[in-house]
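**Student:**
Residue numbers (the numbering used here): 127 to 424.
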(Lines of atoms letter the chains of each structure in order from A and count residues from 1; the text may use other names and numbers.)
(Lines give C-alpha, C1' and ligand atoms only; values in the text may rest on other atoms or scores of the structure.)
Protein backbone atom coordinates (compact mmCIF):
# COMPACT_ATOMS: atom_id res chain seq x y z
CA UNK A 1 0.00 0.00 0.00
CA UNK A 2 1.26 3.47 -0.86
CA UNK A 3 1.27 5.87 2.08
CA UNK A 4 1.37 9.41 0.71
CA UNK A 5 1.95 10.92 4.17
CA UNK A 6 5.26 9.10 4.65
CA UNK A 7 6.70 8.93 1.14
CA UNK A 8 8.93 11.75 -0.02
CA UNK A 9 9.57 12.06 -3.72
CA UNK A 10 12.97 13.58 -3.00
CA UNK A 11 14.04 10.28 -1.38
CA UNK A 12 13.43 8.22 -4.52
CA UNK A 13 16.78 7.51 -6.20
CA UNK A 14 16.47 6.25 -9.75
CA UNK A 15 19.15 4.10 -11.43
CA UNK A 16 21.31 5.58 -14.21
CA UNK A 17 19.35 6.36 -17.36
CA UNK A 18 19.79 3.65 -19.98
CA UNK A 19 18.51 3.54 -23.55
CA UNK A 20 15.35 1.52 -23.99
CA UNK A 21 12.62 0.77 -26.47
CA UNK A 22 9.08 1.99 -25.96
CA UNK A 23 6.64 -0.34 -27.76
CA UNK A 24 4.14 2.52 -28.07
CA UNK A 25 6.60 4.34 -30.34
CA UNK A 26 6.88 1.41 -32.75
CA UNK A 27 6.32 2.23 -36.41
CA UNK A 28 3.89 -0.58 -37.16
CA UNK A 29 4.07 -0.11 -40.91
CA UNK A 30 7.85 -0.61 -40.83
CA UNK A 31 7.47 -3.59 -38.49
CA UNK A 32 4.86 -5.33 -40.65
CA UNK A 33 6.80 -4.66 -43.86
CA UNK A 34 10.05 -5.97 -42.37
CA UNK A 35 8.37 -9.02 -40.82
CA UNK A 36 6.51 -10.01 -43.98
CA UNK A 37 9.76 -9.95 -45.94
CA UNK A 38 11.31 -12.42 -43.48
CA UNK A 39 8.42 -14.82 -42.93
CA UNK A 40 8.82 -18.27 -44.44
CA UNK A 41 5.83 -20.61 -44.33
CA UNK A 42 6.91 -23.77 -42.45
CA UNK A 43 6.43 -27.13 -44.03
CA UNK A 44 2.92 -28.44 -43.46
CA UNK A 45 3.68 -31.88 -44.80
CA UNK A 46 3.02 -34.95 -42.69
CA UNK A 47 6.43 -36.41 -43.58
CA UNK A 48 10.06 -35.32 -43.33
CA UNK A 49 9.42 -33.24 -40.21
CA UNK A 50 11.30 -33.78 -36.94
CA UNK A 51 11.91 -31.95 -33.68
CA UNK A 52 15.17 -30.46 -34.94
CA UNK A 53 13.30 -28.71 -37.76
CA UNK A 54 10.71 -27.46 -35.27
CA UNK A 55 13.44 -25.90 -33.12
CA UNK A 56 15.11 -24.34 -36.16
CA UNK A 57 11.86 -22.83 -37.42
CA UNK A 58 10.95 -21.50 -33.96
CA UNK A 59 14.38 -19.87 -33.59
CA UNK A 60 14.14 -18.37 -37.08
CA UNK A 61 10.67 -16.98 -36.39
CA UNK A 62 11.78 -15.51 -33.05
CA UNK A 63 14.75 -13.83 -34.72
CA UNK A 64 12.48 -12.39 -37.42
CA UNK A 65 10.11 -10.95 -34.81
CA UNK A 66 12.86 -9.35 -32.73
CA UNK A 67 14.88 -7.97 -35.66
CA UNK A 68 11.76 -6.43 -37.21
CA UNK A 69 10.81 -4.90 -33.86
CA UNK A 70 14.30 -3.47 -33.35
CA UNK A 71 14.23 -1.95 -36.83
CA UNK A 72 10.81 -0.36 -36.26
CA UNK A 73 11.49 0.84 -32.70
CA UNK A 74 15.06 2.13 -32.16
CA UNK A 75 16.41 2.61 -28.66
CA UNK A 76 15.99 6.07 -27.18
CA UNK A 77 16.95 7.81 -23.95
CA UNK A 78 14.05 8.94 -21.74
CA UNK A 79 13.56 12.68 -21.63
CA UNK A 80 15.13 14.40 -18.68
CA UNK A 81 13.57 17.69 -17.60
CA UNK A 82 15.49 18.85 -14.52
CA UNK A 83 13.85 21.51 -12.40
CA UNK A 84 10.38 20.88 -13.78
CA UNK A 85 8.15 19.56 -11.03
CA UNK A 86 4.42 18.86 -11.47
CA UNK A 87 3.65 20.60 -8.18
CA UNK A 88 5.47 23.83 -9.15
CA UNK A 89 3.26 26.80 -9.97
CA UNK A 90 3.11 30.56 -10.44
CA UNK A 91 2.49 31.20 -6.74
CA UNK A 92 5.73 29.46 -5.79
CA UNK A 93 7.56 31.40 -8.47
CA UNK A 94 6.31 34.68 -6.98
CA UNK A 95 7.26 33.63 -3.45
CA UNK A 96 10.75 32.70 -4.59
CA UNK A 97 11.11 36.12 -6.18
CA UNK A 98 10.06 37.79 -2.94
CA UNK A 99 12.64 35.75 -1.01
CA UNK A 100 15.40 36.82 -3.38
CA UNK A 101 14.41 40.47 -3.13
CA UNK A 102 14.25 40.28 0.67
CA UNK A 103 17.69 38.65 0.79
CA UNK A 104 19.24 41.28 -1.48
CA UNK A 105 17.71 44.09 0.57
CA UNK A 106 18.90 42.58 3.86
CA UNK A 107 22.44 42.13 2.55
CA UNK A 108 22.54 45.73 1.32
CA UNK A 109 21.09 47.42 4.42
CA UNK A 110 22.18 44.91 7.12
CA UNK A 111 19.17 46.08 9.12
CA UNK A 112 17.63 43.69 11.63
CA UNK A 113 14.09 44.34 10.39
CA UNK A 114 15.13 43.49 6.81
CA UNK A 115 16.71 40.23 7.98
CA UNK A 116 13.55 39.39 9.91
CA UNK A 117 11.50 40.07 6.78
CA UNK A 118 13.81 37.79 4.79
CA UNK A 119 13.54 34.93 7.30
CA UNK A 120 9.74 35.28 7.39
CA UNK A 121 9.52 35.20 3.56
CA UNK A 122 11.87 32.21 3.42
CA UNK A 123 9.85 30.31 6.04
CA UNK A 124 6.60 30.99 4.18
CA UNK A 125 8.21 29.89 0.90
CA UNK A 126 9.47 26.56 2.32
CA UNK A 127 6.15 25.90 4.04
CA UNK A 128 4.33 26.42 0.75
CA UNK A 129 6.74 24.05 -1.01
CA UNK A 130 6.12 21.31 1.56
CA UNK A 131 2.38 21.79 1.24
CA UNK A 132 2.45 21.63 -2.55
CA UNK A 133 4.65 18.52 -2.54
CA UNK A 134 2.42 16.67 -0.09
CA UNK A 135 -0.77 17.74 -1.86
CA UNK A 136 0.63 16.77 -5.27
CA UNK A 137 1.74 13.35 -4.03
CA UNK A 138 -1.64 12.69 -2.40
CA UNK A 139 -3.43 13.72 -5.58
CA UNK A 140 -1.20 11.43 -7.64
CA UNK A 141 -1.80 8.47 -5.32
CA UNK A 142 -5.53 9.15 -5.38
CA UNK A 143 -5.55 9.07 -9.18
CA UNK A 144 -4.24 5.48 -9.27
CA UNK A 145 -7.18 3.32 -10.29
CA UNK A 146 -5.69 0.18 -11.87
CA UNK A 147 -3.26 -2.47 -10.69
CA UNK A 148 -1.02 -1.70 -13.66
CA UNK A 149 -0.58 1.92 -12.57
CA UNK A 150 0.07 0.88 -8.98
CA UNK A 151 2.64 -1.67 -10.12
CA UNK A 152 4.55 1.02 -12.02
CA UNK A 153 4.73 3.18 -8.90
CA UNK A 154 5.87 0.17 -6.87
CA UNK A 155 8.72 -0.49 -9.29
CA UNK A 156 9.90 3.12 -9.07
CA UNK A 157 9.78 3.14 -5.27
CA UNK A 158 11.54 -0.24 -5.07
CA UNK A 159 14.74 1.51 -6.24
CA UNK A 160 16.07 -1.77 -7.63
CA UNK A 161 15.45 -3.41 -10.99
CA UNK A 162 16.07 -6.94 -9.65
CA UNK A 163 15.19 -7.51 -6.00
CA UNK A 164 17.66 -9.54 -3.98
CA UNK A 165 16.45 -12.68 -2.28
CA UNK A 166 16.32 -12.28 1.47
CA UNK A 167 18.15 -14.66 3.79
CA UNK A 168 16.01 -17.71 4.55
CA UNK A 169 15.98 -19.94 7.60
CA UNK A 170 16.36 -23.58 6.62
CA UNK A 171 14.57 -26.51 8.32
CA UNK A 172 17.73 -27.24 10.38
CA UNK A 173 17.46 -23.69 11.85
CA UNK A 174 20.51 -22.43 9.94
CA UNK A 175 20.51 -19.55 7.47
CA UNK A 176 21.19 -19.66 3.77
CA UNK A 177 24.59 -18.32 2.76
CA UNK A 178 24.00 -17.40 -0.90
CA UNK A 179 21.17 -16.41 -3.27
CA UNK A 180 21.59 -19.73 -5.09
CA UNK A 181 20.98 -21.67 -1.89
CA UNK A 182 17.95 -19.51 -1.09
CA UNK A 183 16.49 -20.16 -4.55
CA UNK A 184 16.97 -23.89 -4.12
CA UNK A 185 15.18 -23.81 -0.74
CA UNK A 186 12.28 -21.90 -2.30
CA UNK A 187 11.96 -24.36 -5.18
CA UNK A 188 12.12 -27.40 -2.89
CA UNK A 189 9.49 -25.88 -0.59
CA UNK A 190 6.93 -24.79 -3.18
CA UNK A 191 7.65 -27.57 -5.74
CA UNK A 192 8.44 -30.60 -3.55
CA UNK A 193 8.38 -33.13 -6.41
CA UNK A 194 10.73 -31.21 -8.70
CA UNK A 195 13.98 -32.76 -9.94
CA UNK A 196 17.07 -30.61 -10.44
CA UNK A 197 18.74 -31.43 -13.74
CA UNK A 198 21.11 -29.76 -16.14
CA UNK A 199 19.95 -28.99 -19.66
CA UNK A 200 22.44 -31.49 -21.03
CA UNK A 201 20.83 -34.22 -18.92
CA UNK A 202 17.49 -33.90 -20.69
CA UNK A 203 17.00 -36.63 -23.25
CA UNK A 204 14.92 -35.97 -26.32
CA UNK A 205 11.89 -38.17 -26.79
CA UNK A 206 11.70 -38.80 -30.54
CA UNK A 207 8.00 -39.47 -30.66
CA UNK A 208 6.85 -41.18 -33.83
CA UNK A 209 3.76 -39.48 -35.17
CA UNK A 210 0.85 -41.19 -36.81
CA UNK A 211 -1.77 -39.95 -39.20
CA UNK A 212 -4.26 -39.74 -36.34
CA UNK A 213 -1.87 -37.44 -34.44
CA UNK A 214 -1.77 -35.02 -37.35
CA UNK A 215 -5.52 -35.20 -37.91
CA UNK A 216 -6.10 -34.41 -34.24
CA UNK A 217 -3.60 -31.53 -34.38
CA UNK A 218 -5.27 -30.09 -37.49
CA UNK A 219 -8.67 -30.32 -35.85
CA UNK A 220 -7.56 -28.70 -32.58
CA UNK A 221 -5.37 -25.92 -34.02
CA UNK A 222 -6.91 -23.73 -36.69
CA UNK A 223 -6.14 -20.25 -37.94
CA UNK A 224 -9.26 -18.81 -36.31
CA UNK A 225 -8.53 -20.38 -32.91
CA UNK A 226 -4.91 -19.25 -32.98
CA UNK A 227 -5.84 -15.66 -33.88
CA UNK A 228 -8.36 -15.61 -31.04
CA UNK A 229 -5.72 -16.88 -28.60
CA UNK A 230 -3.17 -14.28 -29.73
CA UNK A 231 -5.59 -11.38 -29.31
CA UNK A 232 -6.78 -12.63 -25.92
CA UNK A 233 -3.52 -11.39 -24.34
CA UNK A 234 -2.94 -7.83 -23.23
CA UNK A 235 -0.66 -6.22 -25.85
CA UNK A 236 1.78 -4.86 -23.25
CA UNK A 237 2.13 -8.08 -21.25
CA UNK A 238 5.73 -8.54 -20.14
CA UNK A 239 7.83 -10.72 -22.48
CA UNK A 240 9.43 -13.98 -21.48
CA UNK A 241 13.12 -14.87 -21.73
CA UNK A 242 12.87 -14.81 -25.53
CA UNK A 243 11.92 -11.11 -25.53
CA UNK A 244 8.69 -11.57 -27.53
CA UNK A 245 5.60 -9.84 -26.11
CA UNK A 246 1.99 -10.32 -27.33
CA UNK A 247 1.86 -7.07 -29.32
CA UNK A 248 4.51 -8.39 -31.73
CA UNK A 249 2.29 -11.38 -32.52
CA UNK A 250 -0.84 -9.24 -32.79
CA UNK A 251 0.77 -6.74 -35.15
CA UNK A 252 1.89 -9.59 -37.42
CA UNK A 253 -1.72 -10.29 -38.38
CA UNK A 254 -2.82 -13.15 -40.59
CA UNK A 255 0.55 -13.73 -42.36
CA UNK A 256 2.27 -14.39 -39.03
CA UNK A 257 -0.58 -16.54 -37.73
CA UNK A 258 -0.45 -18.59 -40.94
CA UNK A 259 3.21 -19.37 -40.18
CA UNK A 260 2.43 -20.26 -36.58
CA UNK A 261 -0.36 -22.74 -37.35
CA UNK A 262 1.91 -25.44 -38.89
CA UNK A 263 4.41 -25.02 -36.07
CA UNK A 264 1.75 -25.39 -33.41
CA UNK A 265 0.31 -28.45 -35.14
CA UNK A 266 3.75 -30.06 -35.38
CA UNK A 267 4.41 -29.42 -31.69
CA UNK A 268 1.09 -31.02 -30.75
CA UNK A 269 1.56 -33.99 -33.09
CA UNK A 270 5.08 -34.67 -31.81
CA UNK A 271 4.07 -33.84 -28.21
CA UNK A 272 7.09 -31.60 -28.21
CA UNK A 273 7.95 -28.28 -26.56
CA UNK A 274 10.64 -26.31 -28.46
CA UNK A 275 13.86 -25.79 -26.51
CA UNK A 276 13.54 -22.03 -26.72
CA UNK A 277 10.19 -22.18 -24.91
CA UNK A 278 11.27 -24.34 -22.00
CA UNK A 279 12.90 -21.52 -20.08
CA UNK A 280 10.90 -19.58 -17.52
CA UNK A 281 11.77 -16.53 -15.46
CA UNK A 282 10.90 -16.63 -11.76
CA UNK A 283 11.15 -13.42 -9.73
CA UNK A 284 11.14 -13.50 -5.95
CA UNK A 285 9.30 -10.49 -4.50
CA UNK A 286 10.62 -9.85 -0.99
CA UNK A 287 8.47 -8.34 1.72
CA UNK A 288 9.41 -4.72 2.47
CA UNK A 289 11.68 -4.25 5.46
CA UNK A 290 12.39 -7.96 6.00
CA UNK A 291 15.98 -9.16 5.61
CA UNK A 292 15.60 -12.59 7.23
CA UNK A 293 12.48 -14.70 6.80
CA UNK A 294 11.61 -17.01 9.67
CA UNK A 295 10.62 -19.76 7.24
CA UNK A 296 11.06 -20.41 3.55
CA UNK A 297 7.27 -20.30 3.05
CA UNK A 298 6.91 -16.97 4.87
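Glycine included, C-beta positions come from ideal geometry on N, C-alpha and C.
Alpha carbon to alpha carbon, how far is residue 202 from residue 251? Give it in angstroms, no decimals.
**Tutor:** Your numbering for residue 251 matches position 125 in the chain shown. Your numbering for residue 202 matches position 76 in the chain shown. Approximately 38 Å between the Cα atoms of the pair.
**Student:** Helix, strand or coil for residue 154? Go by DSSP, reduced to three states.
**Tutor:** Stepping through the chain shown from its first residue, residue 154 is reached at position 28. Residue 154: helix per DSSP, three-state reduction.
**Student:** On a CA-only basis, which of 350, 403 and 396 is nearest residue 380? Give me that one, please.
**Tutor:** In the chain shown, counting from the first residue as 1, residue 380 sits at position 254. The shortest Cα separation from residue 380 among 350, 403 and 396 belongs to 350.
**Student:** Tell me whether residue 167 sits in a helix, a strand or coil according to DSSP, three-state version.
**Tutor:** In the chain shown, residue 167 corresponds to position 41, counting from 1. Of the three classes helix, strand and coil, the one that applies to residue 167 here is coil, per DSSP.
**Student:** Which one of 283, 242, 150 and 272 has the shortest CA to CA distance from residue 200?
**Tutor:** The sequence position of residue 200 within the chain shown is 74, counting from 1. Nearest of 283, 242, 150 and 272 to residue 200, Cα basis: 150.
**Student:** Which residues in the same chain have their Cβ closer than 8 Å to the Cβ of residue 348, if we skip the five residues on either side of it in sequence?
**Tutor:** In the chain shown, the residue the question calls residue 348 occupies position 222. Once the five neighbours on either side are set aside, the close Cβ partners of residue 348 are 387.
**Student:** In whole angstroms, what separates the C-alpha of residue 155 from that of residue 261?
**Tutor:** The residue you call residue 155 lines up with position 29 of the chain shown. The residue you call residue 261 lines up with position 135 of the chain shown. Approximately 43 Å between the Cα atoms of the pair.
**Student:** How many Å lie between residue 342 and residue 402 at the Cα?
**Tutor:** Taking the chain shown and counting its residues from 1, one reaches residue 342 at position 216. Taking the chain shown and counting its residues from 1, one reaches residue 402 at position 276. Those two C-alpha atoms are separated by around 24 Å.
**Student:** Taking all protein chains shown into account, do 16 or more other C-beta atoms lie within 10 angstroms of the C-beta of residue 340, making it buried, or fewer, making it exposed?
**Tutor:** On the chain shown, position 214 is the one that residue 340 refers to. Buried.
**Student:** Would residue 316 and residue 396 be called neighbours here (beta carbons separated by less than 8 Å)?
**Tutor:** In the chain shown, the residue the question calls residue 316 occupies position 190. In the chain shown, the residue the question calls residue 396 occupies position 270. In this structure, residue 396 does not lie closer than 8 Å to residue 316 by Cβ.
**Student:** Say whether the stretch 178-192 touches the stretch 152-166, bearing in mind that this needs 3 or more beta-carbon pairs closer than 8 Å, one atom from each stretch.
**Tutor:** The stretch 178-192 vs the stretch 152-166: in contact.
**Student:** Output the distance between the C-alpha atoms of residue 345 and residue 391, rounded to the nearest integer angstrom.
**Tutor:** Numbered from 1 along the chain shown, position 219 holds the residue referred to as residue 345. Numbered from 1 along the chain shown, position 265 holds the residue referred to as residue 391. If I take the Cα positions, the gap works out to 9 Å.
**Student:** Can you name the start and end residues of the alpha helix (DSSP H) that residue 256 belongs to?
**Tutor:** Start at 1 with the first residue of the chain shown, and residue 256 comes out as number 130. Segment 238-268, the alpha helix (DSSP H) holding residue 256.
**Student:** Hey, quick one: how far does the alpha helix (DSSP H) through residue 305 stretch, first residue to last?
**Tutor:** On the chain shown, residue 305 is found 179 positions in, with the first residue counted as 1. 305-316 is the span of the alpha helix (DSSP H), which, as asked, contains residue 305.
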